[in-house]
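To start, the structure itself, in structure tokens.
Numbering (my numbering), first residue to last: 1 to 230.
Written out as structure tokens, the structure reads:
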């Protein structure tokens, strides 16, 4: 049975897509926030690999083809932004200040936690890109000589949390304006959070898409300063 799966070039990709489809089905049947398609897909994929005793390299030989779509998918986020360009022009200053504030808050929180838990320099810089999209975060982590695998894990966990809890947190903190929702979600939880923002509304999705790109550039620039603090 194991050889049947591992011998297929498309096993990893088929498993990932299949698990996500199962997650979507469960989400439609039950609206409980923990039944998140991405979370179900990750959990189901890991469980399948453990049960069948398939190593990650074998799985990734097929799953890697899906990751090739990450960069064009990120670029495609410009489409909903283009549709809301008039709103961007009207609120340009507030939007830019909001994104910059989010990036600064992310860096400051990582710096504080690094001091609290006595992280060394490499561990510290590994976490700096946690709130930007993987396509940018991997390159930044490599440039800072961080642990790339841990950076990717931190990015996924951050995005997954945003995808699950974004709506709940907006209600909890009384964030009602669609522009504010989009900016906060995109800046803090990148593309995975943006997927949730698009479910919330067109404006939220467009502003979150903008935040992913702008926060990525700001993070790369700010990292030059913050990497020297520890």
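Yeah, the Cβ is synthetic: ideal placement off N, Cα and C, and Gly gets one too. Since the model is a prediction, treat every value here as computed from it, not as a measurement.
- When Cβ pairs closer than 8 angstroms are counted between the two stretches, the region 123-138 is seen to touch the region 209-216, the count reaching three or more.
- One alpha carbon belongs to residue 227, the other to residue 144, and they sit about 8 angstroms apart.
- Less than 9 angstroms separates the beta-carbon of residue 26 from that of residue 40.
- If you keep only unbroken beta strand (DSSP E) runs of at least 3 residues inside the region 102-157, you get nothing at all.
- By alpha-carbon distance to residue 208, the top candidate from 85, 12, 114 is 85.
- In its chain, beyond the 5 residues on either side, 84, 87, 178, 179, 182 have a beta carbon closer than 7 angstroms to the beta carbon of residue 203.
- Between residue 150 and residue 127, the gap from beta carbon to beta carbon is short of 9 angstroms.
- DSSP places residue 30 in the coil class of the three-state scheme, outside both helix and strand.
- The continuous alpha helix (DSSP H) containing residue 213 extends over residues 202-226.
- Counting along the chain, the unbroken alpha helix (DSSP H) around residue 56 starts and ends at 56-67.
- The beta-carbon separation of residue 146 and residue 190, rounded to 17 angstroms, does not stay under the 8 angstroms limit for a contact.
- Taking the Cα positions, residue 58 is about 37 angstroms away from residue 80.
- By the neighbour-count criterion, in which a residue is buried when 16 or more other Cβ atoms sit within 10 angstroms of its Cβ, residue 108 is exposed.
- Just so you know, the alpha carbons of residue 72 and residue 199 end up roughly 20 angstroms apart.
- A direct Cα-Cα distance of roughly 38 angstroms separates residue 65 from residue 229.
- Residue state for residue 190 is assigned as helix, using DSSP reduced to three classes.
- Nearest to residue 56 by C-alpha distance, out of 38, 68, 89, 15, is 15.
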